[in-house]
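Residue numbers (this note's numbering): 1252 to 1472.
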Amino acid sequence: MTITMKAEERLVQTKADLRQLREQGKVPGVVYGKNIGKATAIAVEEKELMALIRSNPHAILELEVPAEGKQSVMLSDVQRDPLNRNLLHIDFHQIDMNQAVRTQVRVETTGVSAGEKEGGIVQTMLHELEIQCLPSRIPDSVAVDISSLQVGENILVGELKLPEGVELKADPEMVVVTVLAPQKDLTAEEAEDAAVEEAEAASRAEEAGAEEVREEEASKA
1252 MTITMKAEER LVQTKADLRQ LREQGKVPGV VYGKNIGKAT AIAVEEKELM
1302 ALIRSNPHAI LELEVPAEGK QSVMLSDVQR DPLNRNLLHI DFHQIDMNQA
1352 VRTQVRVETT GVSAGEKEGG IVQTMLHELE IQCLPSRIPD SVAVDISSLQ
1402 VGENILVGEL KLPEGVELKA DPEMVVVTVL APQKDLTAEE AEDAAVEEAE
1452 AASRAEEAGA EEVREEEASK A
């Protein structure tokens, strides 16, 4: 889905000018790319920008740039105040719709797992997935059906089904979602820590098994 946003030319340069601009509900930024002569200083409406960041920060934008016309862009950098998290500056990168790009998409679970029905705790370990494809093929999200997932089971990145033309760039062995055994009075934070420990333990066990195989092969050589 392509979103349209309008930018205005930004001539202000001093810190005082930038502060005044933000007080007017606008965020200073720049847009750059191969089809743009030079990095152009712009300002966009904060409300529109916040709506984009909340809904789909990796979406393609049709940004109307002063003196440059409409440009297909993506967010490349967002700077925030470290204390109040207010938006300070934004970078847009102009893209070629005929060339593949690397980006992130949301991971969304669907269904109710069999393990959860038995009291298990579903933990999503990976909330975004790195992919590469043509800009027009970027999906809004990647759905993960967890309905058949039992207690103690998990789904790996490599097991996900991606749309045609979308290439996976994340580690295929990463755990996307897992179902932990029922644990009394377990907080959400404790459950997530337990899931991380379980994934790490599984990884160590797999590596130990591989090491044993290597040692056995070496002894036979």
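Note that the Cβ used here is the ideal one computed from N, Cα and C, for glycine as well.
Quick check: the Cα distance between Glu1369 and Val1408, rounded to an integer number of angstroms? 25 Å
Rank Gln1275, Met1256, Val1395 and Met1425 by C-alpha distance to the C-alpha of Ile1304 and give the top, closest one. Met1256
How would you label Asp1268, buried or exposed, when you count the other beta carbons within 10 angstroms and need 16 or more for buried? exposed
Put Lys1285 into one of helix, strand or coil per three-state DSSP. coil
Roughly how many angstroms separate the alpha carbons of Arg1465 and Glu1424, rounded to a whole number? Low local confidence applies: a pLDDT of 45 at Arg1465 is under 50, so the model's placement there is unreliable, and no value is given.
Looking at C-alpha atoms only, which residue of Asp1328, Leu1413 and Ala1258 is the closest neighbour of Lys1321? Ala1258
Straight-line gap, Leu1385 to Glu1410 (C-alpha atoms, nearest Å): 22 Å
Relative to the C-alpha of Thr1429, which candidate in Leu1419, Ile1406 and Pro1414 has its C-alpha closest? Ile1406
Starting from the Cα of Val1402, find the closest Cα among Leu1431, Arg1388 and Val1356 and give me that residue. Leu1431
Buried versus exposed call for Ala1459 [16 or more other C-beta atoms within 10 Å across all chains shown]: Low confidence applies here, because Ala1459 scores a pLDDT of 47, under 50, leaving its location unreliable and the question unanswered by this model.
Which residues in the same chain as Gln1308 place their Cβ atom closer than 6 Å to its Cβ, once the five residues preceding and following it in sequence are excluded? The sequence shown places Pro at residue 1308, rather than the Gln named in the question. If we look at Pro1308 and ignore the five residues flanking it on each side, its Cβ neighbours are Leu1326.
Grab the span of the beta strand (DSSP E) containing Gly1276 for me, first residue to last. Segment: none, Gly1276 is in no beta strand (DSSP E) and carries neither H nor E.
Just to confirm, is the Cβ distance from Val1358 to Val1324 under 8 Å? no
Closest Cα partner of Val1417 within the set Ser1398, Val1356 and Thr1375: Val1356
Name, in chain order, the residues that DSSP records as bridge partners for Asp1328. Asp1342
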